Ligand code: HEM
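Residue numbers (this note's numbering): 296 to 419.
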């Protein structure tokens, strides 16, 4: 059997978009994180996050929005916020029955940007 890519196993763009939609539903409804998204263009965020994860999973898409560090410079995250977001992403992957090993790869793709997400303007 030909080894398929993570991108294929996740159901390509459609499958990844479903996970991202579920993830952002959880983010905006979350007690700790919801307020950060007030006034945000959620459709654009869902699209760019889908591009990001498609590219990270080996798909043909390319993430072309602002670099992660720059996009979050004005968002005053603490490490606990990032931890909570990663937890919600895991819940979304679980909701779509993504196997644990693949779910871990997706979570890692986001978690490895923790430093960039936490960067503040005075650290530019
Ligand atoms: C590494 C994966 C991520 C990518 C590629 C990404 C991408 C982006 C992009 C492109 C923007 C829009 C910047 C703009 O147009 O001004 C943004 C904003 C934002 N992101 Fe992320 N993000 C990621 C992870 C996260 C995580 C884990 C959180 C945790 C809650 C988060 C929360 C936010 C918030 C609150 C905004 C600001 C919304 C606003 O006020 O407009 N992001 N992100």
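Cβ atoms here follow ideal geometry from the backbone N, Cα and C, with glycine treated the same way.
Only a predicted model underlies this, so the values are computations on that prediction, with no experimental measurement involved.
Assigned secondary structure, residue 372 (DSSP; H/G/I helix, E/B strand, else coil): coil
Cβ pair residue 325, residue 379 closer than 8 Å: yes
Beta-carbon proximity of residue 356 to residue 308, cut-off 8 Å: yes
Nearest neighbour of residue 336, chosen from 404, 323, 389 [CA to CA]: 323
Cα-Cα separation between residue 315 and residue 371, rounded to whole angstroms: 22 Å
As assigned by DSSP and simplified to three states, the class of residue 357: coil
heavy atom of ligand 1 below 7 Å from residue 370 C-beta: yes
Backbone CA spacing between residue 383 and residue 320 [nearest angstrom]: Their Cα atoms are separated by approximately 10 Å.
Segment limits, alpha helix (DSSP H) that includes residue 266: No information on residue 266 is available, as it lies outside the stretch 296 to 419 that the chain covers here.
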